[in-house]
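K.L.:
Okay, handing you the structure first.
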Amino acid sequence: MAIFLDETSRVVVSGMTGTEGAKHTRRMLAAGTNVVGGVNPRKAGQRFGLGSQSLPVFGGVQSAVDEVGADVCVLFVPPPFVKDAVIEAVDASIPLAVVITEGVPVHDSAGLWAHAVAAGGKTRIIGPNCPGVISPGKSNAGIIPDGITGPGRIGLVSKSGTLTYQLMHELRDIGFSTCVGIGGDPVIGTTHIDALEAFEKDDETELIVLIGEIGGDAEERAAAYVMENVSKPVVGYVAGFTAPEGKTMGHAGAIVSGSSGTAAAKKEALEAAGIRVGRTPGETAALARELLG
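Residues 0 to 292 in numbering that gives the first Met the number 0 are what the sequence shown spells out, letter by letter.
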């Protein structure tokens with residue numbers, strides 16, 4: 000099984016006709032994703048060539064929902080236009096919006112999230128500044144390389160795109176139900192806790208890998224959630240053990256204040272919740288193998 004995304008998902012790509020949107024739409028199609036079209040108001044009604052295939056271009060997300068039943072929107076929209084593009088997807092009540100774009104102003108991220116909540120929370124937002132979500136062998140919405148691993152028993156949720164890929168590679172022989180890159184910005188839609196809740200409910204996910212990084216308190220809050228609500232084994236990794244003290248590192252969300260938000264403090268909180276934490280990706284993968292038997 001999988002969470003958030005599966006072989007029945009019908010994906011529309013906002014920004015498909017741009018350079019990055021076109022490149023990654025080709026990759027999604029090659030991975031077997033059911034991409035049903037793109038969104039570009041200036042090219043509505045046209046068809047856009049993607050190698051041997053061509054897809055319809057819609058004037059808005061609502062048209063894609065109405066005409067081809069789109070239920071996932073992947074956004075490759077430039078930062079100044081992300082807020083309006085996500086609000087458009089929310090207003091179309093599309094169940095899942097995956098925001099790949101980085102550099103989205105925090106004020107805009109807060110605004111689009113507030114709009115989604117006010118609209119009744121019908122749209123799950125992943126990102127911004129994320130690699131997307133992949134259910135190997137079923138569907139791939141975003142920029143995660145699909146050839147790293149196959150379907151399997153592990154669920155993965157991560158702040159970091161590259162660490163998502165590395166853990167997928169380290170555990171490729173076991174495979175994954177779904178890998179979710181939630182992004183590392185200060186304001187994001189789907190959180191570690193949201194993914195943990197979904198993996199806990201997924202019958203075929205046997206173990207969860209949680210990847211965090213220095214800054215903020217998302218991992219501490221996830222640890223508290225695991226302690227109270229998750230029965231499955233969880234393995235953690237926190238990037239930033241060697242980060243210089245007092246220096247802002249990495250993503251915009253990686254802000255450390257005193258001891259709050261350090262890798263050591265996060266490791267301590269996770270281990271207090273019964274989560275085994277590796278100090279390197281390789282050690283984390285070894286812990287996962289040990290727990291899976």
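Idealized CB from N, CA, C, for every residue including glycine.
Among the residues of its own chain, which have a CB less than 7 Å from the CB of G257, if the five just before and after it don't count?
P.N.:
Note that G257 scores 48 on pLDDT, short of 50, meaning its location in the model is unreliable; the coordinates nonetheless yield the value given after this. Same-chain partners within the cutoff: there are none.
K.L.:
Under 7 Å: does the beta carbon of V132 sit that close to some heavy atom of the ligand ATP?
P.N.:
The ligand ATP is not part of the structure shown, which contains no ligands of any sort.
K.L.:
With F198 as the anchor, note down where its alpha helix (DSSP H) starts and where it stops.
P.N.:
Looking at the DSSP string, the run of the alpha helix (DSSP H) that includes F198 is 191–200.
K.L.:
Should H210 and L166 be called a contact, given that it needs their Cβ atoms to be closer than 8 Å?
P.N.:
It is worth fixing the name first, because residue 210 is Ile in this sequence and not His. Against a cut-off of 8 Å, the Cβ pair of L166 and I210 comes out as a contact.
K.L.:
Determine the direct distance from the alpha carbon of E282 to that of G273, and round the result to whole angstroms.
P.N.:
Each residue's alpha carbon lies about 17 Å from the other.
K.L.:
Are the segment 171–185 and the segment 144–156 in contact at 8 Å, needing three or more beta carbon pairs?
P.N.:
Yes: at least three Cβ pairs fall under 8 Å.
K.L.:
Give the C-beta separation of A271 and A222 to the nearest angstrom, bearing in mind that I take them to be a contact with Cβ-Cβ under 8 Å.
P.N.:
The pair is a contact, with the Cβ atoms about 7 Å apart (cut-off 8 Å).
K.L.:
Pull up the DSSP beta-bridge partners for C129, would you.
P.N.:
In DSSP, C129 forms no bridge with anything.
K.L.:
In this structure, how does DSSP classify I86 when only helix, strand and coil are distinguished?
P.N.:
It is helical.
K.L.:
Between I187 and chain C, is there a C-beta pair that is closer than 8 Å?
P.N.:
No chain C is part of this structure, which consists of one protein chain only.
K.L.:
Below 8 Å on the Cβ atoms is my contact criterion, and I expect R9 with N33 to pass it. Report the Cβ-Cβ distance as a whole number of Å.
P.N.:
At roughly 5 Å, the Cβ-Cβ gap stays under 8 Å, so R9 and N33 are in contact.
K.L.:
Comparing alpha-carbon positions, which option in Q61, L95, E66, P55 lies nearest C72?
P.N.:
Ranking the options by Cα distance to C72, first place goes to L95.
K.L.:
Look at T351 and K231 and say whether their C-beta atoms are less than 8 Å apart.
P.N.:
Given a span of 0 to 292 for the chain in the structure shown, any question on residue 351 remains unanswerable.
K.L.:
Tell me which same chain residues have a C-beta within less than 7 Å of the C-beta of G136, skipping the five on either side of it?
P.N.:
Result list for G136: G149, P150, in chain order.
K.L.:
Does the segment 110–120 come within contact of the segment 138–146, defined as at least 3 CB pairs closer than 8 Å?
P.N.:
Counting Cβ pairs under 8 Å, fewer than three are found: no touch.
K.L.:
Rounded to whole angstroms, what's the CA-CA distance from A91 to D172? Just pull it up for me.
P.N.:
One C-alpha to the other measures close to 39 Å.
K.L.:
Nearest CA to the CA of E169: which residue from R288, H23, V276?
P.N.:
Among R288, H23, V276, the Cα nearest to that of E169 belongs to R288.
K.L.:
Determine the burial state of H106: buried for a count of at least 16 other Cβ atoms within 10 Å of its Cβ, exposed for fewer.
P.N.:
Exposed, because fewer than 16 other Cβ atoms sit within 10 Å of the Cβ of H106.
K.L.:
Taking the beta strand (DSSP E) that N228 falls in, what are its first and last residues?
P.N.:
From DSSP, N228 is part of no beta strand (DSSP E) but of the alpha helix (DSSP H) over 217–228.
K.L.:
Can the beta-carbon of A109 be found closer than 8 Å to that of V12?
P.N.:
It is not a contact, given that the beta carbons lie outside the stated cut-off.
K.L.:
Mapping DSSP to helix, strand and coil, what is R9?
P.N.:
Three-state DSSP puts R9 in coil, outside helix and strand.
K.L.:
Just grab the DSSP bridge partners of L54 for me.
P.N.:
Paired residues: F47.
K.L.:
Buried or exposed for V276, please, with buried defined as at least 16 other CB atoms from any protein chain shown within 10 angstroms of its CB.
P.N.:
V276 comes out buried.
K.L.:
Of all the beta strand (DSSP E) runs that stay within the bounds of the segment 95–130, which reach a length of 3 or more residues?
P.N.:
Segments of the beta strand (DSSP E) lying fully in the segment 95–130: 95–98, 123–125.
K.L.:
Of the residues E267, V225, V208, which one's Cα is nearest the Cα of A284?
P.N.:
Cα-wise, what sits closest to A284 is V208.
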